[in-house]
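Participant:
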Amino acid sequence: MMILFTMKYRSRTDIIVSMLEAARHGGTKTKIMYSSYLSSHQLRAYLELVIRNGLLAYDSTKQRYRTTDKGLRLLELYDNIGKLELAPFAWTTSQK
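Here the numbering used here runs 1220 ahead of the position in the sequence shown, where the first position is 1.
#1: Let me check understanding here. Comparing Cα to Cα, which of LEU1269, TYR1229 and LYS1228 lies closest to MET1239?
#2: Does TYR1298 get closer than 7 Å to chain B when you measure Cβ to Cβ?
#3: Using alpha carbons as the reference points, say which of LEU1294, LYS1303, LYS1251 and GLY1247 lies closest to ASN1273.
#4: Would you check if the distance between the CB atom of ILE1235 and the CB atom of ALA1243 is smaller than 7 Å?
#5: According to DSSP, which residues form a beta bridge with ARG1187?
#6: Measuring CA to CA, which of LEU1263, LEU1292 and ASN1300 is closest to LYS1249?
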């Protein structure tokens, strides 16, 4: 039996959020890679980006990544944006 699934296009923000979620309670590089559906090459680039921006930190003694306070704030903001219910907007002929 073959299982097929399609993955929608994900924005850079969506990928970063999935990485932060995977590392929220301490995640290994492998856990982050598989949770975020990234190749090892993609993971390296994204890890560099999120660490440089202070969203993830690496604990070399435990060999785990953790989401920083700044990263947790981003997750909170991302979640709140997702909860917004935007009112439908109807264009009138004068607005087009």
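Virtual Cβ for every residue (Gly too), placed ideally from N, Cα, C.
Facilitator: Put simply:
#1: LEU1269
#2: Note that chain B does not occur in the displayed structure, where there is just one protein chain.
#3: LEU1294
#4: no
#5: A question about residue 1187 goes unanswered here, because the residues of the chain that appear run from 1221 up to 1316.
#6: LEU1263
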